[in-house]
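Okay, structure first, notes after.
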């Protein structure tokens, strides 16, 4: 059921880091027909930049271990739902250009800049949300 991110794929894309995936800070997995995000947080906990644009991802999930992630690009996917971003303490930029989003703002616990596409213009929106208790 769908293509998932594999350790082999990550190693293939980590040649610049001598194939060592545990210390990767940037990972580009664009145009890989990925449908599920799994295990990246187990293998690549040092990631600061994750590029997943132009895939087939329907939802953002399984990213909670990426505490150092600052920039996530998931433009041009099939994302409909975004939930549970609060564990991503360092996330400051999230590119959601050309997706179909249902977004629950109460799940955001910090400042985040979100890029999305509306009416043929690109906008950056900065959301300031307080943690819900």
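Numbering (the working numbering), first residue to last: 602 to 734. Using N, Cα and C, we set each Cβ at its ideal position, and we do this for glycine too. These figures come from a predicted structure and were not determined experimentally.
Cut-off 7 Å between Cβ atoms - residues of its own chain near residue i, not counting five sequence neighbours on either side
i           : result
residue 634 : 604, 656 and 657
residue 676 : 654, 696, 697, 698 and 699
residue 624 : 618 and 647
residue 606 : 630, 635, 638, 639, 640 and 641
Proximity to residue i [Cα-Cα], best of the options
i           : options          : result
residue 659 : 701, 609 and 615 : 701
residue 651 : 684, 626 and 685 : 626
residue 744 : 614, 608 and 631 : Outside the displayed span of the chain (602 to 734) sits residue 744, for which this structure offers no information.
residue 689 : 606, 667 and 674 : 667
Burial state of residue i, where buried means 16 or more other Cβ atoms lie within 10 Å
i           : result
residue 621 : exposed
residue 691 : exposed
8 Å Cβ shell around residue i - same chain, five flanking residues per side excluded
i           : result
residue 680 : 658, 659, 660, 661, 697, 700, 701 and 702
residue 644 : 608, 611, 622 and 623
residue 616 : none
Same chain, Cβ closer than 6 Å to residue i, five either side skipped, listed in chain order
i           : result
residue 631 : 652, 654 and 655
residue 678 : 656, 658 and 700
residue 674 : 652, 654 and 696
residue 649 : 626, 669 and 671
Contact belief for residue i with residue j at Cβ below 8 Å, rounded distance in angstroms
i           : j           : result
residue 629 : residue 614 : 6 Å
Proximity test, Cβ basis, 7 Å: residue i and chain C
i           : result
residue 604 : Absence of chain C from the displayed structure is noted, only one protein chain being present.
Next item on the list: Would you check if the region 635-642 and the region 663-673 touch, i.e. whether three or more CB-CB distances between them fall below 8 Å?
Entry: yes
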